[in-house]
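K.L.:
My structure is below; once you've seen it, I'll send some questions.
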Amino acid sequence: MELQECVMAALRERFGEVTDYLDWVPETQRVLGAVASPSFHRKSHKWRQDRLWETLEASLSPEQLEHLGPIAALAPIDVELGAEVFVR
Amino acid sequence: MADQALSRDPQMLYRASLEHMVAADVLLEADLLPLALYAAGLSVECILQAVALRRDPHMEHDARHDLDLWLRKCPMKLQNALKSPPVREDWNELRAFWSNSIRYLSHEGLLSAMRKREAMRRLRGDEKARLKTLIHRVVASAHAVHLKGVGAWNSKNA
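Top line first, the protein sequences correspond to chains U and H. With my numbering, the residue at position 53 of the first sequence is 53, and numbering never jumps. With my numbering, the residue at position 9 of the second sequence is 97, and numbering never jumps.
Structure below.
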């Protein structure tokens, strides 16, 4: 399974509905970008990043983790650009 | 110059925004407050530029490092999102405290600048603690704004 698929499988197992906005960057051999899930709605940036990386570190090998770049954790409303309550 | 062309590449700016926000968190954790603040605002500048330049690759690159001017070049949906509550508070806070010249400040320079602006007046603790609280708050605001920018980049409707 390709790395991006592994990432999405791990995140979906933990968070349920997750939309893939990741890219594979051949120059640096990294997966990076963003994912969106209703599970992140009304959660602080820190909570989102902590849960995201906790999940990936538990599911992926050290070699796979080396090929991950930054991943922003969005709520669907961030993509829809609607109004919401954002908790710090 | 090749560097100039590179700095107008929306895809590169998008990725840079993601990396600079990670850097801001690392710098904040290390108590490197001036650079943490600079990196957080720079991340927002990059995502606004990415969204604006993808929309119109031939636009004049005349917004320099002005976050307001870059937002005006972005799609209306993102402009409205950042000017609506509650992210409006975060946008206003970032605009109030970030500028491109922060990169030249030492820790003492940042403290002096915030002291002159009376920015820490209502915060608790000694000056060191108050500055830390303030910068953490502004970086958190930058995160909120950056997420909307990343959302706009990935949105079909922005």
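The C-beta atom is built at its ideal place from N, Cα and C for all residues, glycine as well.
Report the neighbours of U/D78 on chain H: residues whose CB is nearer than 8 Å to its CB, in chain order.
P.N.:
Per Cβ cutoff of 8 Å: L235, K236, V238 and G239.
K.L.:
Indicate the three-state DSSP secondary structure (helix, strand or coil) for U/T55 in the structure shown.
P.N.:
U/T55 falls in the helix class under three-state DSSP.
K.L.:
Could you work out which residues of chain U lie near H/E107, taking near to mean beta carbons separated by less than 9 Å?
P.N.:
L32, G69 and P70, listed in chain order.
K.L.:
For a contact defined as C-beta to C-beta under 8 Å, what are the partners of U/H45 on chain H?
P.N.:
Those are A228, H231, A232 and L235, listed as they occur along chain H.
K.L.:
Touching or not, the stretch 98-105 of chain H and the stretch 130-146 of chain H, by the rule of three or more beta carbon pairs under 8 Å?
P.N.:
Short answer: they touch.
K.L.:
Take H/A232 and list the residues in its own chain whose beta-carbon comes closer than 7 Å to its own, dropping the five residues that flank it on each side.
P.N.:
Excluding sequence neighbours, H/A232 sits near V175 and D178.
K.L.:
Using three-state DSSP, classify H/V226 as helix, strand or coil.
P.N.:
Three-state result, H/V226: helix.
K.L.:
So for H/T221, helix, strand or coil by DSSP?
P.N.:
H/T221 falls in the helix class under three-state DSSP.
K.L.:
Against chain H, does U/L74 count as a neighbour if the rule is that its beta carbon must be under 8 Å from one of theirs?
P.N.:
Output row for U/L74: interface = yes.
K.L.:
Out of H/H224, H/P163 and H/C134, which one is the CA nearest neighbour of H/D119?
P.N.:
Measuring from the Cα of H/D119, the nearest candidate turns out to be H/H224.
K.L.:
Expressed to the nearest angstrom, what Euclidean distance is found between the alpha-carbon atoms of H/K161 and U/K46?
P.N.:
In a straight line, the C-alpha of H/K161 is about 29 Å away from that of U/K46.
K.L.:
Can you list the residues of chain H that U/L81 reaches, using a CB-CB cut of under 8 Å?
P.N.:
K165, L166, N168, A169, K236, G239, A240, S243, N245 and A246, listed in chain order.
K.L.:
From the DSSP output, which residues share a beta bridge with H/A169?
P.N.:
None; H/A169 has no bridge partner.
K.L.:
Classify H/H146: buried if its beta carbon has 16 or more other beta carbons within 10 angstroms, exposed otherwise.
P.N.:
Exposed is the call here.
K.L.:
Quickly, what does DSSP pair U/V35 with across the bridge? List them, please.
P.N.:
According to DSSP, U/V35 bridges with U/D20 and U/A73.
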